[in-house]
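A short worksheet on the structure shown next.
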Amino acid sequence: MQQSIGISLKKLRKQFGAFVAVNDLDLEVGAGEFVSLLGPSGCGKTTTLRMLAGLDFPTSGTISFGDQVVNDLTPARRNIAMVFQSYALYPHMTVRENIAYPLKKRGVPKAELPARVAAVARLLQLEPYMSSRPKELSGGQQQRVALGRALVREPDIFLLDEPLSNLDAKLRAHMRTELIELHRKIGKTMIYVTHDQLEAMTMSSRIAVMRGGNLQQFDTPAEIYQRPANVFVADFIGTPSMTLLDADLHRRNGSAEVRIGGTTIALPDRHVAPARANIAPIKLGIRPEDVVLDEVGFPAEVKVVEPTGHECIVLFALHGTTVKARVPAHVRLDMGQSAKISFRTSKLHIFDRATGLRMS
Amino acid sequence: MTRPNYWKQPLVSLAVWAIVLIVIFPLIWMVITSVKPQTELFRIPATFWPTEITFEHYRTLLEKTAFLKYMRNSVIISTSTTILVITVAVLGAYSLTRFTYPGRERIAFLVLATYLLPSVVLVLPLYLMMVKVGIANSLFSLVVAYTTFALPYALWLLRSFMASMPEELEWAALVDGASRLGAFVDVVLPQAIPGIISTALFTFIVTWNEYFYALILVNTDEARPLTTGVITMLVTSFNIEWSLLMAAAVAMSLPLIIIFVFLQGYLVRGFAGTGVKG
Chain A
26 MQQSIGISLK KLRKQFGAFV AVNDLDLEVG AGEFVSLLGP SGCGKTTTLR MLAGLDFPTS
86 GTISFGDQVV NDLTPARRNI AMVFQSYALY PHMTVRENIA YPLKKRGVPK AELPARVAAV
146 ARLLQLEPYM SSRPKELSGG QQQRVALGRA LVREPDIFLL DEPLSNLDAK LRAHMRTELI
206 ELHRKIGKTM IYVTHDQLEA MTMSSRIAVM RGGNLQQFDT PAEIYQRPAN VFVADFIGTP
266 SMTLLDADLH RRNGSAEVRI GGTTIALPDR HVAPARANIA PIKLGIRPED VVLDEVGFPA
326 EVKVVEPTGH ECIVLFALHG TTVKARVPAH VRLDMGQSAK ISFRTSKLHI FDRATGLRMS
Chain B
11 MTRPNYWKQP LVSLAVWAIV LIVIFPLIWM VITSVKPQTE LFRIPATFWP TEITFEHYRT
71 LLEKTAFLKY MRNSVIISTS TTILVITVAV LGAYSLTRFT YPGRERIAFL VLATYLLPSV
131 VLVLPLYLMM VKVGIANSLF SLVVAYTTFA LPYALWLLRS FMASMPEELE WAALVDGASR
191 LGAFVDVVLP QAIPGIISTA LFTFIVTWNE YFYALILVNT DEARPLTTGV ITMLVTSFNI
251 EWSLLMAAAV AMSLPLIIIF VFLQGYLVRG FAGTGVKG
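The listed protein sequences derive, respectively, from chains A and B. Numbered by the numbering used here, the letters in the first sequence go through residues 26 to 385 in order. Numbered by the numbering used here, the letters in the second sequence go through residues 11 to 288 in order.
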């Protein structure tokens, strides 16, 4: 297996007229890493990927593959492969011709083609379809052909642009596993663009969360889930999403407490960084799994119960606000019923209300 | 689903066939007349089926008139125009759909704007220009003239066709190692073939049947196409050679009919989209 190489983006910027699609992005991707670019539509993730591919050129900043700056190289001169959302299979070519195309274009000797195409076909179990045209294949099979076309050249870097978004839910889960397996097998650097947090969380070694052209957080899935850097990441990651409440943070002699309406929650020691002001407006973040039914908790009313099978998502009304909670399925709760809830205080997320940045 | 109306279908077919018959009758009459002997042409009462079939008019047409020369001129003019128009239109349409540059939309509209002017207005300046440049009265002058009206239409047909082709395929080809031109040849052209063929067919038919420009711009047998050639040869102030005219009309239509029969599938496909659906 060839050595894989890393990617380094420095102050990468892309403007379309006055519109800033990617704003001074700094990103270091290690060799062999699986990194997801995650964010809502228009966050600049696809533009970033297209710049990596050489289909768009940066307004400023540099893109390096390993030690080489590739800013001005055409796609053909970068050793990359890309899988498109629509698969972009050549409809007038057979599966075999589709997979062989990148080899032909890179001047691989004709004698080598059949063996290399066959190897990829075996890996992706495409052998029965080699003489078919793309439109005769199912979505999952087309997806595998697109992967095969990317794999066959043994590129340094794989770029994947929402490759699973056109598949149905079951097939998507299956392909997710296959992609993880594939990455483990070939060990190449992969950049994966998605707006689906589940894909990003399950497959990536690290996730770059983007919004409006700006990088919000670049970290491991666990860290992003457990310590979101700001309110946007906190809200974007996690299903159901985190409850975010307006509250006030009161500090006294090294200890701190949070007040929401008439309720006071004491925070564990050193949970919040010290600050000059004694009272600060904050956003309090509570993950649904950190809400517990507790006889000594706050009185709340059950508003909505959504059973998902092994658990229920319950919306509680608490002092005029709504708090989402995960409750085991065997606990019977009815709408309108009153209950007592409390929070795992060590797991509470505190954000500055003005800047949105994490304080805890 | 509604219940199919069994009584309705034959009625619809009947109506359709009646219309087809009305439209096609002059063509049938043309073919029949072209094989009737001269003596039968003006017989009263007229006969529908010829009492005797003869190909003497065709022989006269081919051996004793300039018909073959006109045919050669028409083939040269229509083929050259089609090749020229398609080459420019394919490249132009690709540029208009895939590259961004200032004034792109305006150029596209300007091209079509020539259609707003009646050809009477265009043909005189065109003729004067050709005299100045020194190409008047030649086959080439007609190729140029036909290009002026066939190209805008071809460009717009191909533009809408190419706009419907997914751009991701070209990106994929670029990433796979193709140059821009390579991606065009490997991916764009093969997919545009139905559109190209239908546009070429359209261009060929229009130029083959063109009469007005040929009448004004060319007045020598060396460059006359079939349309004007046949009329000037067979229709004079004193006499109309009906039998020869009908034979010539049949012979003129044959190439188009043959081409159409072979390529009609493309005509239909050319106007339906393309691309793989996931």
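From the three backbone atoms N, C-alpha and C, an ideal C-beta is built for every residue, glycine too.
Validate contact between the segment 28-40 of chain A and the segment 172-184 of chain A using beta carbons, cut 8 Å, 3 pairs: yes
In chain order, each beta strand (DSSP E) run of at least 3 residues that lies wholly inside the segment 120-153 of chain B: none
Spatially closest choice to P24 of chain A from A:V339, A:S385, A:T245 and A:N239, by CA coordinates: Residue 24 of chain A lies beyond the stretch modelled for chain A, which goes from 26 to 385, so this question has no answer here.
Distance between L179 of chain B and R190 of chain B (C-alpha atoms, nearest Å): For the purposes of this step, residue 190 of chain B is taken as the residue at position 180 of the second sequence. For the purposes of this step, residue 179 of chain B is taken as the residue at position 169 of the second sequence. In a straight line, the C-alpha of R190 of chain B is about 12 Å away from that of L179 of chain B.
Where A387 of chain A falls, given that 16 or more other Cβ within 10 Å makes a residue buried: In the structure displayed, chain A extends from 26 to 385; residue 387 of chain A sits before or after that span and is not available.
Three-way DSSP call (helix, strand, coil) for V240 of chain B in this model: For the purposes of this step, residue 240 of chain B is taken as residue 230 along the second sequence, with counting starting at 1. If DSSP states are grouped into helix, strand and coil, V240 of chain B belongs with the helices.
Contacts of F109 of chain A in chain B (Cβ-Cβ under 8 Å): In the first sequence, counting from the first residue as 1, residue 109 of chain A sits at position 84. Within chain B, the residues near F109 of chain A are E178, W181 and A182.
Rounded C-alpha distance that separates E282 of chain A from V348 of chain A: What you label residue 282 of chain A is simply residue 257 of the first sequence in a count that begins at 1. What you label residue 348 of chain A is simply residue 323 of the first sequence in a count that begins at 1. One C-alpha to the other measures close to 19 Å.
Length of the line joining the Cα atoms of S363 of chain A and E326 of chain A: Sequence index remark: in the first sequence, residue 363 of chain A carries index 338 (1-based). Sequence index remark: in the first sequence, residue 326 of chain A carries index 301 (1-based). If you take the alpha carbons of S363 of chain A and E326 of chain A, they lie about 4 Å apart.
Rounded C-alpha distance that separates V41 of chain B from V141 of chain B: As a first step, residue 41 of chain B must be located in the second sequence, where it is residue number 31. As a first step, residue 141 of chain B must be located in the second sequence, where it is residue number 131. Rounded to whole angstroms, V41 of chain B to V141 of chain B spans 40 Å at the Cα level.
R114 of chain B Cβ short of 7 Å to the ligand MG heavy atom set: Of ligands this structure carries none, so the ligand MG is not represented either.
At least 3 beta-carbon pairs within less than 8 Å: the segment 102-120 of chain B vs the segment 57-64 of chain B: no
Touching by the beta-carbon criterion (3+ pairs, under 8 Å), the segment 157-171 of chain B and the segment 88-99 of chain B: yes
Where Q362 of chain A falls: helix, strand or coil (DSSP): Residue mapping note: residue 362 of chain A aligns to position 337 of the first sequence, counting from 1. Q362 of chain A: coil per DSSP, three-state reduction.
I182 of chain A - partner residues in DSSP beta bridges: As a first step, residue 182 of chain A is located in the first sequence; it is residue number 157 there, counting from the start. Looking at the DSSP assignment, I182 of chain A forms a beta bridge with A:I105 and A:T214.
Stretch-stretch touch, CB-based, cutoff 8 Å, three pairs: the segment 63-71 of chain B with the segment 247-261 of chain B: yes
Extent of the continuous alpha helix (DSSP H) to which L172 of chain A belongs: Within the first sequence, residue 172 of chain A is the residue found at index 147, counting from 1. Note, L172 of chain A: alpha helix (DSSP H), G164 to L176.
Coarse secondary structure for E53 of chain A, derived from DSSP in three states: Within the first sequence, numbered from 1, the residue matching residue 53 of chain A stands at position 28. Here E53 of chain A sits in strand by DSSP.
Enclosing beta strand (DSSP E) for K39 of chain A [first to last residue]: Residue 39 of chain A sits at position 14 when you count from the first residue of the first sequence. Residues I32 to F41.
Beta-carbon proximity of T91 of chain B to V153 of chain B, cut-off 8 Å: Translated into positions along the second sequence, residue 91 of chain B becomes position 81. Translated into positions along the second sequence, residue 153 of chain B becomes position 143. Yes, the Cβ-Cβ distance between T91 of chain B and V153 of chain B is below 8 Å.
Nearest to S208 of chain B (by Cα), restricted to the options B:L149, B:R234, B:L126 and B:I269: Start at 1 with the first residue of the second sequence, and residue 208 of chain B comes out as number 198. The candidate whose alpha carbon is nearest that of S208 of chain B is B:I269.
Rounded distance between the beta-carbons of R231 of chain A and F257 of chain A, thought under 8 Å: Taking the first sequence and counting its residues from 1, one reaches residue 257 of chain A at position 232. Taking the first sequence and counting its residues from 1, one reaches residue 231 of chain A at position 206. Their Cβ separation, rounded to whole angstroms, is 18 Å, which puts F257 of chain A and R231 of chain A out of contact at 8 Å.
C-beta neighbour in chain A for V195 of chain B, strict 8 Å: Indexing the second sequence from 1 puts residue 195 of chain B at position 185. Judged by the 8 Å Cβ criterion, V195 of chain B is not in contact with chain A.
Contact with chain A by S208 of chain B, beta-carbon distance below 8 Å: Reading the second sequence from its first residue, position 198 is the one you call residue 208 of chain B. Not one chain A Cβ lies under 8 Å of S208 of chain B.
Proximity below 8 Å, CB of H275 of chain A to CB of I304 of chain A: By one-based count along the first sequence, residue 275 of chain A stands at place 250. By one-based count along the first sequence, residue 304 of chain A stands at place 279. The answer is yes: Cβ separation under 8 Å.
Start and end residues, beta strand (DSSP E) containing V329 of chain A: As a working mapping, residue 329 of chain A is identified with position 304 in the first sequence. V316 to P332 is the extent of the beta strand (DSSP E) around V329 of chain A.
Closest Cα partner of G164 of chain A within the set A:K328, A:G64, A:A113 and A:R103: Translated into positions along the first sequence, residue 164 of chain A becomes position 139. Here the closest residue by C-alpha is A:A113.
Under 7 Å from the C-beta of Y126 of chain A: neighbouring residues of chain B: Start at 1 with the first residue of the first sequence, and residue 126 of chain A comes out as number 101. Here the neighbours are D186.
Endpoints, alpha helix (DSSP H) assigned at S23 of chain B: Walking along the second sequence from the start, residue 23 of chain B turns up at place 13. Residues K18 to S44.
Separation of F341 of chain A from D359 of chain A, as counted between CA atoms: Position 334 of the first sequence, counted from the first residue, corresponds to residue 359 of chain A. Position 316 of the first sequence, counted from the first residue, corresponds to residue 341 of chain A. Each residue's Cα considered, the two are about 11 Å apart.
Contacts of A101 of chain A in chain B (Cβ-Cβ under 7 Å): Counting from 1 along the first sequence, the entry for residue 101 of chain A is found at position 76. The contacting residues are L184, G187, A188 and S189.
Nearest-angstrom Cβ-Cβ length linking P204 of chain B and H117 of chain A, presumed shorter than 8 Å: Taking the second sequence and counting its residues from 1, one reaches residue 204 of chain B at position 194. Taking the first sequence and counting its residues from 1, one reaches residue 117 of chain A at position 92. At roughly 11 Å, the Cβ-Cβ gap does not stay under 8 Å, so P204 of chain B and H117 of chain A are not in contact.
Cutoff 8 Å: Q274 of chain B Cβ touching any chain A Cβ: Translated into positions along the second sequence, residue 274 of chain B becomes position 264. So, not an interface residue.
Enclosing beta strand (DSSP E) for M235 of chain A [first to last residue]: Here the question's residue 235 of chain A lines up with position 210 in the first sequence. First-last of the beta strand (DSSP E) with M235 of chain A: R231 to R236.
Reference R141 of chain A; option with closest CA among A:P293, A:K213 and A:E122: Walking along the first sequence from the start, residue 141 of chain A turns up at place 116. For the residues A:P293, A:K213 and A:E122, the minimum Cα distance to R141 of chain A belongs to A:E122.
Limits of the alpha helix (DSSP H) - the one that E66 of chain B falls within: If you number the second sequence from 1, residue 66 of chain B lands on position 56. Per DSSP, E66 of chain B belongs to the alpha helix (DSSP H) from E66 to K74.
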